[in-house]
Structures are given as C-alpha cells and as structure tokens.
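Numbering (this note's numbering), first residue to last: -5 to 126.
Glycine residues also receive a C-beta, built at the ideal position from the N, C-alpha and C atoms.
Nothing here was measured: the structure is a model prediction, and the numbers come from that model.
Down below is the structure, laid out as structure tokens.
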C-alpha cells in the first residue's frame, strides 16, 4: 500500500530553501575565501564560518575544492609543516580570480535587486493583515 504524501511543514520548507540558497553560494564563498592568498582546507572552513556564518564539514569542502581544481580555478600544493603532517594548500588561479570577480559582481547586482524587493516586507512585517 502506498504511503500518503505528507506536505512539508512551513519550517521544513523554510529549512530546505535556506539549505539550497547556501548550497548555491558555496562556490563563490570558497573562491572569495582564497582571494587574499593560499589556505589549506581547514583554514578555508574557519574563514567561511568566521566571515560568512557558513558552517561546512570537511566532507563538503574537499569535493568542492577538487572540482574547482579540475576546472582550473584553484591550484593546490602539498607543503611540509614544521610540526605535524603536510598540508594541501589551495590558491586561486588567474581564471579563479576572474570567476570570483564575475560571481561577486553578479551577486552584488542580484542581492541589491532583491534587497529593494524585500525591503517593504521587512519594514512592514508586523503590520501585515493575516489571511483568513
């Protein structure tokens, strides 16, 4: 017997939407985290968490870095650490810097437009008539 379809709750739908929005921004966020210079994987995770509140696991960041490397947007290099094990450092290539710039420009235009659109929603959120 087939299970009846259950409609997601408003909270579940909101959580899924937020997860998809964050997922769509990851490539830009990783490229931007490398703008100032080379970092190893855990440093990238720390920068993302500190500067953008994006909290990712190692299982998420390394596939993204590998894809960016295969696309020629980042290059990687193993570096011996003074203490501990060698670390794989990532840095932007010229193509990666170009992509990060284009993505940042697109994001800025897109978010400014959305900001104008949602400004009345946030301004009037307490004065909205509730549907019957």
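Shortest Cα-Cα distance from residue 95 to any of 57, 28, 33, 37 involves 28. The C-beta separation of residue 21 from residue 58 comes to about 7 Å, placing the pair in contact by the 8 Å criterion.
Boundaries for residue 29: no alpha helix (DSSP H) harbours it, and the DSSP string shows neither H nor E there. A direct Cα-Cα distance of roughly 10 Å separates residue 16 from residue 46. Taking the Cα positions, residue 35 is about 18 Å away from residue 65. The three-state secondary structure of residue 115, taken from DSSP, is helix. Judged by DSSP secondary structure, residue 64 falls within the alpha helix (DSSP H) whose first and last residues are 52 to 64.
Linking residue 83 to residue 6 through their CA atoms gives a straight-line distance of about 37 Å.
Residue 71 sits in a strand when the DSSP states are folded into three classes.
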